[in-house]
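A short worksheet on the structure shown next.
Residue numbers (my numbering): 2 to 346.
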């Protein structure tokens with residue numbers, strides 16, 4: 002079994018371990034957040050970790066009602082500016098914990114007496130040592146170039162922080178069910194995705210579309226397919242895709258739509274109709290039967306929470322990337338141009 006597949010299948014166990022592993026730190030951190038009356042969050046990350054933060058931007062905004070900024074590290078590292086993090090929690094997210102630019106932002110926040118948090122997969126990493134608080138992904142070594150288990154563990158830790166901070170019972174309950182729901186999805190999705198992928202082997206480019214909480218998964222899904230299959234794939238929010246980018250699609254071009262039920266489903270319906278009108282070949286992934294009317298359809302189970310459906314979407318797009326490499330005979334664990342750890346400054 003290739004590392005990519007092995008690591009995708011490790012996700013239920015990884016996520017199931019995270020609350021017990023991190024609850025003490027979470028409780029202490031939230032105590033400080035409430036003592037300081039913190040009401041802003043500043044995320045800083047790169048690549049896949051950036052996508053986990055975008056999911057958290059939506060989640061924190063919806064559940065906590067607080068503004069969340071996705072930081073630009075080069076403002077600190079290249080332009081030598083000092084961001085004023087007044088009344089903020091600064092969160093640095095990095096799989097390796099070695100991101101020098103993310104670390105520089107945390108150091109700047111520390112100098113200002115700001116509460117800092119690092120989320121990494123290494124307990125003794127640079128970021129873990131710099132931040133006042135550290136949440137541990139506990140994912141074990143991730144050998145595949147494409148991050149999978151560390152992505153969902155980052156999402157899960159950020160969601161656990163939101164749950165502990167808000168004491169939102171719906172979110173707390175929903176997160177508890179995610180590991181078993183992913184375990185089920187890994188089994189029921191394999192055959193259907195493997196069959197659909199047979200029709201996608203000749204595609205060299207495409208788009209992945211999502212909205213709201215699932216927008217981050219559109220970005221991450223596009224990155225996974227690009228990294229592993231050397232396809233030109235880009236993720237977009239459905240809301241922005243109307244404003245120009247839709248012009249890139251022509252008859253039979255590939256579009257993958259993450260059509261989440263609930264608040265955003267009407268937007269998904271309108272986009273699917275638009276894609277059908279231009280003749281795009283659609284792959285629709287949805288937890289609602291009525292939304293599955295594309296050229297190819299992937300039904301996922303409803304988690305009964307809009308907050309956690311993105312985890313199942315993440316599994317589905319990871320498995321599309323996996324089944325494509327298996328069908329093409331590509332080794333996704335090797336690359337001439339991509340390194341597992343990229344240190345930016």
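Using N, Cα and C, we set each Cβ at its ideal position, and we do this for glycine too.
Exposed unless 16 or more other CB atoms sit within 10 angstroms - verdict on residue i
i           : result
residue 189 : exposed
residue 46  : buried
residue 225 : buried
residue 6   : buried
residue 249 : exposed
residue 199 : exposed
residue 339 : Low per-residue confidence applies at residue 339: pLDDT is 45, beneath 50, and the placement is therefore not dependable enough to give any value.
residue 272 : buried
residue 156 : buried
residue 109 : buried
residue 236 : buried
residue 170 : exposed
residue 97  : buried
residue 66  : exposed
residue 50  : buried
Residue i versus the options, residue with shortest Cα-Cα distance
i           : options               : result
residue 323 : 308, 208, 222 and 263 : 222
residue 254 : 281, 104, 108 and 329 : 281
residue 278 : 265, 251, 293 and 80  : 251
residue 184 : 317, 231, 205 and 206 : 317
residue 290 : 309, 270 and 306      : 270
residue 239 : 212, 167 and 219      : 212
residue 80  : 299, 106 and 60       : 106
residue 53  : 214, 4 and 326        : 214
residue 258 : 151, 218 and 8        : 218
residue 30  : 18, 166 and 231       : 166
residue 329 : 232, 292 and 10       : 232
residue 335 : 229, 268 and 174      : 229
For residue j and residue i, the rounded distance between their alpha carbons
i           : j           : result
residue 100 : residue 193 : 38 Å
residue 202 : residue 297 : 14 Å
residue 128 : residue 90  : 15 Å
residue 115 : residue 64  : 23 Å
residue 117 : residue 95  : 14 Å
residue 126 : residue 92  : 15 Å
residue 25  : residue 38  : 20 Å
residue 137 : residue 305 : 27 Å
residue 341 : residue 264 : Here residue 341 scores only 48 on pLDDT, less than 50, and its place in the model should not be relied on; the value that follows carries that caveat. Straight-line Cα distance between these residues: approximately 37 Å.
residue 310 : residue 141 : 25 Å
residue 161 : residue 284 : 31 Å
residue 154 : residue 244 : 33 Å
residue 84  : residue 130 : 21 Å
residue 13  : residue 182 : 8 Å
residue 62  : residue 132 : 23 Å
residue 86  : residue 113 : 8 Å
residue 299 : residue 33  : 43 Å
Pair within 9 Å by beta-carbon distance, residue i and residue j
i           : j           : result
residue 57  : residue 159 : yes
residue 256 : residue 227 : no
residue 119 : residue 134 : yes
residue 313 : residue 186 : yes
residue 88  : residue 41  : yes
residue 286 : residue 301 : yes
residue 210 : residue 60  : no
residue 261 : residue 288 : yes
residue 208 : residue 152 : no
residue 266 : residue 292 : yes
residue 19  : residue 139 : yes
Rounded Cβ spacing between residue i and residue j (contact assumed at less than 8 Å)
i           : j           : result
residue 103 : residue 74  : 6 Å
residue 333 : residue 197 : Their Cβ separation, rounded to whole angstroms, is 18 Å, which puts residue 333 and residue 197 out of contact at 8 Å.
residue 44  : residue 78  : Not really, about 16 Å apart at Cβ, beyond 8 Å.
Neighbour flag for residue i against chain C, beta carbons, 9 Å
i           : result
residue 214 : Absent here is chain C; the protein component of the structure consists of one chain.
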